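Single-structure report; data block below.
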Amino acid sequence: MKKKHSTLYTVIQFSFILLLALFLRAFVLTPVEVVGISMEPTYHESDRLWQSSFLNPKRFDVATFPSPRDGKRIVKRIVGLPGDTIRMENDQLYINDKKYDEPYLDEFKNALTDGNPLTTDFTLKNSATAPATVVPEGKYFVLGDNRRKTDDSRYFGFVDKEAIVGVVYFRYYPLNKIGVQ
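Here my numbering is used: the first residue of the sequence shown is 909, the next is one more, and so on.
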């Protein structure tokens, strides 16, 4: 009789551990692989990241969502939140008419030698989000860090809040860049 309870207890423990592992894998430690160069210099091709669907996206968080073009999961930076006005003028980001620094772009800006800005001037009105002048409720405006070689909200419009799969919080590969993001 004692052996039966011991076996049952082991099965219950194993089932609980398996369910916990599946839960963590699905919602907390969801792996993402960076495809392409649109997030350089922050992330490079084949970087491996963890994201969480429990984190609420905040300004400048890096989030993943299905591409409006082909449905493949992409990684972009959230710049505009609902109610924001967004514009870029002389390579300077303005949100609600306030200047914002983007230190994650310094490496690319410092490497420019052609005299052109990293990010061309735009407003919501002259981007794919037109005729909007503010980010609508339930939507985000996203940009890739490699502003000259990215497909982002300037070209495909706003991203629905429901489309956000998760917020990136940790890079686990390459090993020399491992850490909280």
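Idealized CB from N, CA, C, for every residue including glycine.
Computed from a predicted structure; not experimentally measured.
Compute the Euclidean distance between the alpha carbons of residue i and residue j, then round it to the nearest angstrom.
i: residue 1039; j: residue 1052; result: 22 Å
i: residue 1021; j: residue 999; result: 14 Å
i: residue 922; j: residue 1003; result: 50 Å
i: residue 1054; j: residue 943; result: 13 Å
i: residue 1074; j: residue 961; result: 4 Å
i: residue 1016; j: residue 931; result: 38 Å
i: residue 988; j: residue 948; result: 20 Å
i: residue 1024; j: residue 996; result: 14 Å
i: residue 990; j: residue 1005; result: 15 Å
i: residue 1033; j: residue 1056; result: 20 Å
Tell me which residue opens and which closes the alpha helix (DSSP H) that residue i is part of.
i: residue 941; result: That residue, residue 941, is in no alpha helix (DSSP H); its beta strand (DSSP E) goes 938–941.
i: residue 1061; result: 1061–1064
Can you tell me whether residue i is buried or exposed, with buried defined as 16 or more other CB within 10 angstroms of its CB?
i: residue 1048; result: buried
i: residue 1019; result: exposed
i: residue 1088; result: exposed
i: residue 969; result: buried
i: residue 971; result: buried
i: residue 967; result: exposed
Starting from residue i, trace the beta strand (DSSP E) both ways and give me its first and last residue.
i: residue 971; result: 970–974
i: residue 962; result: First-last for residue 962: undefined, no H or E at that position.
i: residue 1042; result: Per DSSP, residue 1042 belongs to no beta strand (DSSP E) and is neither H nor E.
i: residue 1080; result: 1074–1081
Contact defined as beta carbons within less than 8 Å: I believe residue i pairs with residue j. What is the distance between those atoms, to the nearest angstrom?
i: residue 1012; j: residue 1058; result: Residue 1012 to residue 1058, Cβ: 13 Å. No contact.
i: residue 1064; j: residue 976; result: 4 Å
i: residue 1035; j: residue 1079; result: Wrong, their Cβ atoms sit about 29 Å apart, outside the cutoff.
i: residue 1046; j: residue 1068; result: 6 Å
With a floor of 3 residues, list each beta strand (DSSP E) that falls wholly inside the region 968–1036, ordered by position along the chain.
970–974, 981–988, 994–997, 1000–1003, 1006–1008
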